[in-house]
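Counting in our numbering, the sequence shown runs from 110 upward without gaps. Ideal placement from N, C-alpha and C gives every residue a C-beta, glycine not left out. Given the structure is predicted, the values throughout are model-derived calculations rather than measurements.
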Amino acid sequence: MKSAVETLNPTRVKLTVEVPFDELKPSLDAAYKTIGSQINVPGFRAGKVPARIIDQRVGRGAVLQEAVNDALPRFYGQAVEENKIRPLGQPEVDVTEVPAEEGQDLKFTIEVDVRPELVLPDYDGMPIEVDVVDAEAMAADVEVRMTALRQRFGTLTGVERIAATGDFVSIDLVASIGEEEIDSAKGISYEIGTGNMIDGLDDALVGMAAQESKVFNAPLSGGEHEGKDAEINVTVQSVKERVLPELDDDFAQLASEFDTLEELRADIEAQAERGKKMEQGVQARDKVLEHLLANTEIPVPDALVEAEVTQHLEGESRLEDDEHRAEVAENTRTAMRSQFLLDAIAEKEQVSVGQPELIEYLVMSAQQYGMEPNDFAKAVDEGGQIPAMVAEVARRKALAAVLEKAAIVDTAGTRIDLNDLDVGADALGYDEGADDHEGHDHEGHDHEGHDHEGHDHEVVESEVVESGIVVESEVVEVNDQDKA
């Protein structure tokens, strides 16, 4: 077999392939055998029909077509290997000549998108500047954390006054459109000001007293009437305020494993410092990737982008939304550029992925999908996605390798050493397709996770009503002494 490659553009090539008849003959023999087993010819057993009879019955062309269809994937694979190309997506095949008899060649061309060859910038010592961690911001963060901890152990006490922001109320809701009642919910616990329920509810509740009702209009956020304006009738059953515990040693013992308030505050200060440093690390990671993308020419195949965009929009039933299509296309193009870039760095840095690293990534991904790790791993394996998972781990390690070589300073000129974060640069690795770092637990200690004898802490989620008048409302309740 002979093959040659022609570069059509940086992400597309054309392969021209010529296959001698002798190399096609095994597929031709197999085609005669397959077709011979599928036709009935008097005087011949199934599978024993001579080739000349098959040619008479179904035509030589049909046999050749069967042989070519069988052989093309194999010859295509050989041509890819010979020319050292890395295909992306499905190839477009054009058979230009089929051998009518022995001595003639099978000829075909293939156009296919390929990975671009990248010229990477020098990233050794790459200058990266991140925000400085100042004492004032640190102190404010400590107070926010301390207040949040006090709120968790606060006491809900009934009050005989109108409701205010920060109060906890028990409410009944009824949603109506015209004369029709769409949905209702009773006894919902809600903290005023959280904004976790229907639009306008917080404003309506402020100033209301127990046993008082009020009507307001708001769009529904779920169900078959989603987006429609509805009349919302809210009735307040009770109003409670949260009384915070005093900051003393008793509180430290209640809320943590520490005996004194001084020890608790020192630990929270350490958490805050670690959190700020982790933010610096994440900022450095994002800036490193941005710098590399800005300084590397990375073409992407338009057809591949369009296929990804169409698949995405079909899933959302928004194929006709041109504005959204443009947004998705831009995000898809950026994600592909990032992948091509990090794949190239992984090759340059000779990144390898060990089984423990893959398992760790699978476990982390399973948690994000709310699945058991074993079930997630099985689903990934059955879906043939293990290679994609390995590639993602390699990309994270590639970005971590660049981070380790970057010269990172804060805006005050202080050198930032990622090793001071008590995590490897791997922990700051590539976050595929997302710049939203919320939801990651970067803390060293979680005071809310301690089980304190005599205090049964329970998170109670309110019912999600079909119409969408209640969305993601959470209230922390404590069973003894009605503590929040």
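In this structure, does DSSP put H559 in helix, strand or coil? Note that H559 scores 39 on pLDDT, short of 50, meaning its location in the model is unreliable; the coordinates nonetheless yield the value given after this. Coil at H559, not helix or strand.
Residue(s) in a DSSP beta bridge with V221: V122
Please name the residue in L451, E466, A486 whose C-alpha comes closest to that of A507. L451
So what's R270 in DSSP terms, helix, strand or just coil? Note: R270 maps to coil in three-state DSSP.
For E524: DSSP bridge partner residues: Contrary to the premise, residue 524 reads as Arg rather than Glu in this sequence. Answer is V518, bridged to R524.
What would DSSP say about H549, mapped onto helix, strand or coil? Note that H549 scores 33 on pLDDT, short of 50, meaning its location in the model is unreliable and no value can be drawn from it.
What residue range is occupied by the uninterrupted beta strand (DSSP E) comprising I200? Looking at the sequence itself, residue 200 is Pro, so the reference to Ile does not match. 196 to 206 is the span of the beta strand (DSSP E), which, as asked, contains P200.
S136: first and last residue of the uninterrupted beta strand (DSSP E) it sits in: Bounds of any beta strand (DSSP E) do not take in S136; it lies within the alpha helix (DSSP H) bounded by 130 to 145.
Please list, in chain order, all residues of the same chain as R121 whose beta carbon is under 8 Å from its beta carbon, the five residues on each side excluded. E220, V221, D222, V223, P410
Determine the direct distance from the alpha carbon of V150 to that of T143, and round the result to whole angstroms. CA-CA distance, T143 to V150, rounds to 14 Å.
Quick check: what's the CA-CA separation for L124 versus E175? 22 Å
Spatially closest choice to D308 from D214, V343, K111, by CA coordinates: V343
Are S112 and E127 close, meaning C-beta to C-beta below 9 Å? yes
Which listed residue (M498, I517, L370, V418) has its alpha carbon closest to that of M255: L370
C-alpha distance - D164 paired with T205, whole-angstrom precision: 22 Å
If I measure Cβ to Cβ from F325 and keep anything under 7 Å in the same chain, skipping five residues before and after, which residues do I get? If we look at F325 and ignore the five residues flanking it on each side, its Cβ neighbours are G309, A313, I341.
Identify which residue in G267, A497, L173, G316 has its Cα closest to the Cα of A273. Nearest Cα to A273 within the set G267, A497, L173, G316: G316.
Should P236 go down as buried or exposed, given a rule of 16 or more other Cβ atoms within 10 Å for buried? The residue is exposed, with fewer than 16 neighbouring Cβ atoms inside 10 Å.
Nonlocal neighbours in the same chain, by C-beta distance under 7 Å from D179, ignoring five residues either side: Here the set comprises S136, A139, A140.
Count the CB pairs spanning the segment 397 to 417 and the segment 437 to 448 that are closer than 8 Å, and state whether there are at least three. yes
Using DSSP bridges, identify the partner residues of V348. V278
For V242 versus Q389, is the C-beta distance shorter than 9 Å? Taking 9 Å as the Cβ cut-off, V242 and Q389 qualify as a contacting pair.
My parser needs the alpha helix (DSSP H) runs of 4 or more residues fully inside the segment 351 to 382; what are they? Look at the segment 351 to 382 and you find these whole runs of alpha helix (DSSP H), each 4 residues long or longer: 358 to 364.
Spatial neighbours of L117 within its chain, please: C-beta separation below 8 Å, excluding the five flanking residues on both sides. K123, E220
Contact set for P208: own chain, Cβ-Cβ below 7 Å, skip 5 residues either direction: If the five residues before and after P208 are omitted, its C-beta is found closer than 7 Å to the C-beta atoms of F130, L133, D214, L215, all from its own chain and listed in chain order.
From the DSSP output, in three-state form, read off G542 for me. Note that G542 scores 47 on pLDDT, short of 50, meaning its location in the model is unreliable; the coordinates nonetheless yield the value given after this. G542 falls in the coil class under three-state DSSP.
For the candidate residues K337, L373, E439, whose alpha-carbon lies nearest to that of F360? L373
Helix, strand or coil: which one does DSSP assign to E288? DSSP places E288 in coil when its eight states are reduced to three.
In whole angstroms, give me the CA-to-CA distance for H546 and V202. Note that H546 scores 33 on pLDDT, short of 50, meaning its location in the model is unreliable; the coordinates nonetheless yield the value given after this. Approximately 44 Å, taken between the alpha carbons.
What are the residues that DSSP puts in a beta bridge with S298? In the DSSP output, where bridge partners are listed per residue, S298 has S279.
Which two residues bound the contiguous alpha helix (DSSP H) that contains E466? Per DSSP, E466 belongs to the alpha helix (DSSP H) from 464 to 477.
Can you give the Cα-Cα distance for E552 and A375, rounded to whole angstroms? In this predicted model, E552 has a pLDDT of only 36, less than 50, meaning its place in the structure is not dependable enough to derive any value.
In chain order, what residues of the same chain lie with their CB nearer than 6 Å to the CB of V511, ignoring the 5 residues before and after it? Y232, V397
Of all the options T520, Y299, A509, which has the alpha carbon lying nearest to the alpha carbon of N528? A509
Taking its Cβ as the centre, do 16 or more other Cβ atoms sit within 10 Å of A516, making it buried, or is it exposed? exposed
Residues that D338 bridges to, as DSSP identifies them: P328
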